[in-house]
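Q: Here our numbering runs 3 ahead of the position in the sequence shown, where the first position is 1.
Built from N, CA and C at the ideal position, the CB exists for glycine as well.
The following block contains the structure, expressed as structure tokens.
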Amino acid sequence: MTTTNWTSIGRLDEIPKQGARIVLAGKMKIAIFHTVEGEVYAIEDRCPHLGGPLSQGIVHGGQVTCPLHNLVIDLKSGAAVGPDDGCVHTIPVRVDDGVVSLDTTGVAGVRAVAATSQCAGDSKAA
Ligand code: FES
């Protein structure tokens with residue numbers, strides 16, 4: 004049986020479209036993105052290239068471009084797009100009555116497997 008721990012982090016209308024908000028979960032910085040289409044994704048705010056702040060990148064469609072060296076990350080899968088390699092961890096996110104919540108249950112686990120596994124997960128809000 005899987006247990007979830009949904010943590011409310013604020014209202015969706017406080018995150019501008021094509022923008023991001025950062026929250027801390029333990030030592031992990033999580034960037035919550037709000038796309039122009041109204042979708043919401045949460046990924047670790049650390050570029051797999053050299054650790055750039057993805058939350059400060061340019062959001063286009065369901066992707067974000069890192070502000071440092073332009074690596075493109077798919078917000079749903081966390082994987083680098085195109086010829087680049089790498090991925091970031093995704094965090095489950097949902098929106099209920101305009102309130103954004105993250106499933107922080109897996110955050111510690113995500114960190115534990117980060118060095119040995121492929122990035123996985125689907126953070127798209129329902
Ligand atoms: S740190 Fe993100 S592309 Fe280099």
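Nearest CA to the CA of HIS52: which residue from CYS69, ILE18, ILE33 and ALA28?
A: Here residue 52 refers to the residue found at position 49 of the sequence shown. HIS52 has its Cα closest to that of CYS69, out of CYS69, ILE18, ILE33 and ALA28.
Q: Within 10 angstroms of the Cβ of HIS72, are there 16 or more other Cβ atoms? Answer buried if so, exposed if not.
A: Position 69 of the sequence shown, counted from the first residue, corresponds to residue 72. Exposed, because fewer than 16 other Cβ atoms sit within 10 Å of the Cβ of HIS72.
Q: With distances taken between CB atoms, is the gap from ILE33 to ILE94 smaller than 8 Å?
A: Against the sequence shown, residue 33 aligns to sequence position 30. Against the sequence shown, residue 94 aligns to sequence position 91. Yes, they are a contact pair.
Q: Among TRP9, ASP99, GLY55 and GLN21, which has the Cα closest to the Cα of VAL39?
A: One-based indexing of the sequence shown puts residue 39 at position 36. Among TRP9, ASP99, GLY55 and GLN21, the Cα nearest to that of VAL39 belongs to GLN21.
Q: Run the CB neighbour count on ARG49, radius 10 Å, all protein chains shown included, and call it buried at 16 or more, exposed below.
A: Position 46 of the sequence shown, counting from 1, holds the residue named residue 49. Buried, by the Cβ-count rule.
Q: Let me know if ILE46 comes out buried or exposed under the rule of 16 or more other beta-carbons within 10 Å of its beta-carbon.
A: To locate residue 46, count along the sequence shown from 1; it is residue 43. Around the beta carbon of ILE46, 16 or more other beta carbons lie within 10 angstroms, which makes this residue buried.
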